[in-house]
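> The structure that follows is given in the form of structure tokens.
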Amino acid sequence: MYFNANDVTSFMAQKEFIDTAIVPLVSVDLTSEKLKQSGSEADFLLSLTSFVEQQFKGRLLLMPPFSYSVILKDEEMPKQLEAQLHNAGFKHVFFITCDHSWTNIGDEVNVIWLPAIPLESMDRGVKNSILEDQLRQVIPILSTKWAQI
85 MYFNANDVTS FMAQKEFIDT AIVPLVSVDL TSEKLKQSGS EADFLLSLTS FVEQQFKGRL
145 LLMPPFSYSV ILKDEEMPKQ LEAQLHNAGF KHVFFITCDH SWTNIGDEVN VIWLPAIPLE
205 SMDRGVKNSI LEDQLRQVIP ILSTKWAQI
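The sequence shown maps to residues 85 to 233 in this note's numbering.
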């Protein structure tokens, strides 16, 4: 489910079955040297999290991406957002990012880091194959956390 009016209405009706929130952490770098790379990373991350949502529809809610620049990056933000999501009833909260530095914020926050793969020049079939490969890396992480409760 996506964080939109229709899916949130469904979420509220089925809250006891939807126990996981996924939050994409998207780095935005507007410098001329990194603008294209930043856009490519955002494209990959949003495509991947959308693919994860499709595979686990009815089990998780895909939150809007949290976008930040280097200047605005705050390591407390995921902790605070996670607390709010737990208070809203989510048992599991996962942050997915292409920014490796988020993996250093501590074990209490579930951060899944994946290197960005440039998807912009791929045809649909290759793109889907890449996303399936990445999903196979994410599934064991989700499954392990889901099995802990």
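Backbone N, C-alpha and C define an ideal beta-carbon position, used for all residues, glycine too.
Can you name the start and end residues of the alpha helix (DSSP H) that T115 belongs to?
Segment: none, T115 is in no alpha helix (DSSP H) and carries neither H nor E.
> Are three or more beta carbon pairs between the region 93–100 and the region 164–171 nearer than 8 Å?
Contact between the region 93–100 and the region 164–171 is absent, because fewer than three Cβ pairs lie under 8 Å.
> Where are the beta strand (DSSP E) runs, 3 residues long or more, that stay fully inside the region 168–229, in chain order?
You should have 176–181, 194–197.
> Span of the alpha helix (DSSP H) holding F95?
Segment 89–97, the alpha helix (DSSP H) holding F95.
> To the nearest angstrom, report how far apart M206 and I214 are at their CA atoms.
Distance between the alpha carbons of M206 and I214 is about 10 Å.
> Can you give the Cα-Cα distance for F128 and D113, rounded to whole angstroms?
C-alpha separation (whole angstroms): 15 Å.
> Alpha carbon to alpha carbon, how far is D91 from C182? Give it in angstroms, no decimals.
Spanning the two alpha carbons is a distance of roughly 26 Å.
> May I ask you to report which of helix, strand or coil DSSP gives L165?
L165 falls in the helix class under three-state DSSP.
> Between Q221 and L198, how many whole angstroms is the CB-CB distance? I'm expecting something under 8 Å.
Confirmed, about 7 Å.
> Which of the three DSSP states is assigned to F101 in this structure?
In the structure shown, F101 sits in coil (DSSP, three-state: anything other than H, G, I, E or B).
> Buried or exposed: where does H184 fall if 16 or more other Cβ atoms within 10 Å of its Cβ makes it buried?
Its Cβ having fewer than 16 others within 10 Å, H184 is exposed.
> Just verifying my parser: in three-state terms, what is the DSSP assignment at V154?
Three-state DSSP puts V154 in coil, outside helix and strand.
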